[in-house]
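Below is one structure, written out as structure tokens, with a few remarks after it.
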Amino acid sequence: MSFNLFSKSPRKSKKTSDNEEGIQTESPRSTSPLKKSYSRSSKSKEEENIKPEEKQQSGSTKSSRIRPKSGAYPSRNSFDPNTTHPLNLPPDQLRRLSTQVRMSEPMDIDVESPSVRIPSPPPATTSQPSTQPSTPKPAEPASKPASKSAPKSAPKPAPQPSAANGQNASVNGEGPPPPPPAHKSNPASPQAVAPPSPEEAEAFKDAGNRFYKVKQYKKAIEEYTKAIEVMPSSSTYINNRAAAYMAAGQYYQALEDSKRADQLDPNNHKVLLRLARIYISMGLPQEAMDTFGRIQPPPSAKDMAPAKAMLQHLASAADALKNGTGSMAIHSIEQAERLLGVGVPKPRKWQLMRGEAYLKMGNVNALGDAQNVAMSLLRGNSQDPEALVLRGRALYSQGENEKAMQHFRQALTCDPDYRDAVKYLRLVRKVDSLKTEGNAEFKAGRYPNAIAKYSEALELDPTNRGTNSKLLQNRALCKSRLKDYAAAIEDCDQALQLDPSYTKAKKTKATALGESGQWEDAVRELKQLQEQDPSDAGIAREVRRAELELKKSKRKDYYKILGVEKDADDSQIKKAYRKAAIIHHPDKNRDDPHAEERFKDIGEAYETLSDSEKRARYDSGVDLEDPMDGFGGMGGGGGGGGMNIDPEILMQMFGAQMGGGGMGGGGRGGGGGGFHNFGGGMPQGGRTRGAPQGFPGGFSFQ
23 MSFNLFSKSP RKSKKTSDNE EGIQTESPRS TSPLKKSYSR SSKSKEEENI
73 KPEEKQQSGS TKSSRIRPKS GAYPSRNSFD PNTTHPLNLP PDQLRRLSTQ
123 VRMSEPMDID VESPSVRIPS PPPATTSQPS TQPSTPKPAE PASKPASKSA
173 PKSAPKPAPQ PSAANGQNAS VNGEGPPPPP PAHKSNPASP QAVAPPSPEE
223 AEAFKDAGNR FYKVKQYKKA IEEYTKAIEV MPSSSTYINN RAAAYMAAGQ
273 YYQALEDSKR ADQLDPNNHK VLLRLARIYI SMGLPQEAMD TFGRIQPPPS
323 AKDMAPAKAM LQHLASAADA LKNGTGSMAI HSIEQAERLL GVGVPKPRKW
373 QLMRGEAYLK MGNVNALGDA QNVAMSLLRG NSQDPEALVL RGRALYSQGE
423 NEKAMQHFRQ ALTCDPDYRD AVKYLRLVRK VDSLKTEGNA EFKAGRYPNA
473 IAKYSEALEL DPTNRGTNSK LLQNRALCKS RLKDYAAAIE DCDQALQLDP
523 SYTKAKKTKA TALGESGQWE DAVRELKQLQ EQDPSDAGIA REVRRAELEL
573 KKSKRKDYYK ILGVEKDADD SQIKKAYRKA AIIHHPDKNR DDPHAEERFK
623 DIGEAYETLS DSEKRARYDS GVDLEDPMDG FGGMGGGGGG GGMNIDPEIL
673 MQMFGAQMGG GGMGGGGRGG GGGGFHNFGG GMPQGGRTRG APQGFPGGFS
723 FQ
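The sequence shown begins at 23 in this note's numbering and counts up one residue at a time.
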């Protein structure tokens with residue numbers, strides 16, 4: 023039986039035998055001397071080597087195929103050495119081929135650059151091969167394949183495989199055949215990779231160290247990465263790359279490498295120290311202190327000082343938010359931020375603390391800063407519930423209750439269990455409801471009820487500066503309507519403490535000051551407002567009105583002299599006059615040097631207040647205006663011009679009910695341009711005390 027060492031399965035070997043049975047015995051192109059001996063024994067040899075079951079299978083195969091015509095294919099019992107694999111030849115042929123190869127080129131072996139040599143033709147043999155095949159043994163390796171010699175005129179045949187190609191052979195049964203050479207792998211097959219060497223990794227590390235020293239951190243990272251690829255389990259290389267990442271400002275990558283190095287070498291002093299420093303640079307002081315606690319022996323106080331200082335600043339900020347001021351909290355946070363690594367973004371927790379501090383400060387600028395902090399966080403994560411609540415609280419402090427509630431609802435959609443969102447949503451709803459009810463009571467004129475609603479809303483959230491300032495201003499208006507001016511001024515002062523730029527509170531305070539008789543303070547408040555916004559016409563009118571009232575307050579108060587209210591009627595004024603005249607008559611107060619002067623003032627007050635026109639001019643303050651201001655030639659033929667009187671006063675003057683005839687001739691002066699008295703003017707066109715002639719009465723200053 024022939025042996026096929028390259029056969030992968032018995033089934034494949036059987037197929038190969040079947041195919042070899044169809045090889046031609048003689049080849050027209052071959053003149054090898056091996057043909058004769060081989061042709062004489064091929065038929066009998068093959069029949070002996072084929073097992074019975076193989077014969078039966080071969081017979082069934084042949085019967086199932088369509089046979090070609092005779093002579094179309096070579097006989098299956100013939101072997102052509104040029105096309106037949108050497109291992110499928112009979113043993114005597116294999117021994118003969120092996121002998122020829124060994125005798126032709128015994129020293130010609132070159133694995134790196136093999137060359138093909140044609141051996142000399144072997145001698146013809148007529149010996150009959152033995153009926154029993156000898157067991158093939160390994161042959162010695164040879165680099166040159168042997169081939170059959172051929173005449174020069176004939177075409178060169180293909181080289182005959184030999185033991186150099188890995189086939190087994192023997193030489194006439196004498197001695198063991200040479201062993202086969204190592205099997206060459208297919209060039210396309212994967213090549214074996216040499217194991218990484220520590221020397222190569224160390225070279226990469228040294229290169230990284232050189233780049234690190236000259237501050238070329240990017241190249242150092244590349245070299246350390248190469249070393250890690252060679253030796254992935256080296257904590258030294260990973261720790262070095264963490265140092266390069268840290269120096270390059272890539273703290274997140276540095277933290278990842280340091281944690282990995284710590285896992286590989288948990289007790290490495292250098293690894294733990296670098297990990298703690300990275301924690302400090304990233305604003306994680308507590309994690310840094312925990313890492314310091316693992317180092318044995320403990321690190322120096324200098325190494326731990328930044329972490330301790332950062333913890334102290336953050337603790338101070340938290341305490342200021344609870345018991346101090348917002349500005350103190352901001353200062354502590356800024357001190358902690360100075361210990362962060364260069365380019366490291368401020369930790370999210372610190373930003374939320376800063377926003378809380380701005381809310382605690384509560385002024386307009388601080389509330390704007392709180393919104394900026396919230397928007398910065400929302401740009402990074404639009405679904406951050408804490409940032410949404412922070413912005414909602416800022417809007418609530420600015421009085422934007424509806425927008426604030428929208429943010430609280432959105433925060434609850436992101437986190438339905440977020441307690442702060444639930445808390446502030448309920449609070450804003452309650453405050454907004456009470457404020458709305460108070461406004462309704464104010465419009466209906468039920469001022470005590472409105473005051474009660476505003477007071478209840480103020481108790482819900484004493485820390486809300488923006489909303490509470492508006493509630494206090496509304497309550498001050500109610501108290502002014504009830505003529506409780508002192509309480510109204512107090513509410514305005516509280517509102518301005520919460521929001522110093524609150525214009526409406528300043529106006530309400532000025533009005534209350536004036537109504538309480540403090541017109542100098544009222545004028546001062548209004549002029550401060552006018553300086554802040556000179557273009558506001560409403561403030562300008564208020565300033566003129568307050569200045570007029572200030573002048574009126576400095577003249578004799580006829581109502582006070584008679585002891586009556588400003589809305590007293592004629593009978594009350596007459597009764598009060600008689601009573602005061604009796605009390606302060608000079609004859610009854612001879613020992614009082616001022617009795618006569620007081621008696622004259624009483625008569626003057628009665629004369630003015632008992633006359634409706636004089637009283638109207640007195641009440642409006644027209645007598646305090648300079649009638650000559652802006653007129654040309656008043657009293658002697660004047661040239662006209664306009665009076666410097668508030669347009670509202672003129673409208674009131676012309677809109678008031680006038681009595682009597684038309685333009686009289688009792689006007690002051692004779693020439694044109696005089697402002698004549700409407701019917702019922704001063705008699706004789708003269709000017710009486712306390713009221714300039716020519717100005718109509720019948721109006722009051724509003």
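A virtual CB, placed ideally from N, CA and C, is assigned to each residue, including glycine.
What you are looking at is a predicted structure, and each value in this text was computed from that prediction instead of being measured.
- Distance from the Cα of residue 425 is smallest, within the candidate group 410, 436, 535, 441, for 410.
- Under the Cβ criterion (8 Å, minimum of three pairs), the region 548-562 does not count as touching the region 511-518.
- Following the DSSP letters along the chain, one finds residue 487 inside the alpha helix (DSSP H) bounded by residues 487-503.
- Where residue 394 is concerned, the enclosing alpha helix (DSSP H) starts and stops at 386-402.
- Around the CB of residue 604, fewer than 16 other CB atoms lie within 10 Å, so the residue is classed as exposed.
- Annotation: residue 255 is outside any alpha helix (DSSP H) and is labelled neither H nor E by DSSP.
- Taking C-beta atoms as the reference points, residue 628 and residue 595 count as a pair closer than 8 Å.
- Residue environment analysis places residue 297 among the buried positions, since at least 16 neighbouring C-beta atoms fall within 10 angstroms of its C-beta.
- By alpha-carbon distance to residue 492, the top candidate from 419, 559, 254 is 419.
- In the same chain as residue 581, and ignoring 5 residues on each side of it, the C-beta atoms closer than 6 Å to its own belong to 588, in chain order.
- With a threshold of 16 other beta carbon atoms within 10 Å, residue 545 meets it and is buried.
- In this model, residue 363 and residue 473 are separated by some 55 Å (Cα to Cα).
- Given a length threshold of 3 residues, the region 260-348 has no whole run of the beta strand (DSSP E) inside it.
- By the neighbour-count definition (other C-beta atoms within 10 Å, threshold 16), residue 504 is an exposed residue.
- Counting only residues of its own chain and dropping the five nearest sequence neighbours on each side, residue 590 has no CB closer than 6 Å to any other CB.
- Linking residue 379 to residue 321 through their CA atoms gives a straight-line distance of about 35 Å.
- Boundaries for residue 616: no alpha helix (DSSP H) harbours it, and the DSSP string shows neither H nor E there.
- Cβ neighbours of residue 234 within its own chain (closer than 8 Å, five residues either side excluded): 242, 262, 265, 266, 269.
- About 5 Å separates the CB atoms of residue 407 and residue 436; that is less than 8 Å, so the two are in contact.
- Between residue 293 and residue 349, the C-beta spacing is not below 8 Å.
- DSSP places residue 601 inside the alpha helix (DSSP H), whose first and last residues are 592-605.
- Residue environment analysis places residue 598 among the buried positions, since at least 16 neighbouring C-beta atoms fall within 10 angstroms of its C-beta.
- Residue range 541-554 is occupied by the alpha helix (DSSP H) that includes residue 552.
- About 6 Å separates the Cβ atoms of residue 489 and residue 421, confirming a contact at the 8 Å cut-off.
- Within the model, the alpha-carbon separation for residue 319 versus residue 340 is close to 33 Å.
- Measuring C-alpha to C-alpha distances from residue 246 to each of 226, 631, 462 identifies 226 as the nearest.
- In this structure, the beta-carbon distance from residue 584 to residue 602 falls below 8 Å.
- Cβ-Cβ distances below 6 Å link residue 282 to 260 in the same chain, with the five nearest sequence neighbours on each side left out; the list follows chain order.
- With respect to residue 433, residue 381 sits apart: the two C-beta atoms are not nearer than 8 Å.
- An exposed status is given to residue 616, since fewer than 16 other beta-carbon atoms sit within 10 Å of its beta-carbon.
- Secondary structure at residue 354: helix, using DSSP grouped into helix, strand and coil.
- Assigned with DSSP and collapsed to three states, residue 461 falls in helix.
- Excluding residues up to 5 positions away in sequence, 495, 498, 499, 502, 510, 514 lie with their Cβ nearer than 8 Å to the Cβ of residue 530 in the same chain.
- In its chain, beyond the 5 residues on either side, 309, 310 have a beta carbon closer than 6 Å to the beta carbon of residue 301.
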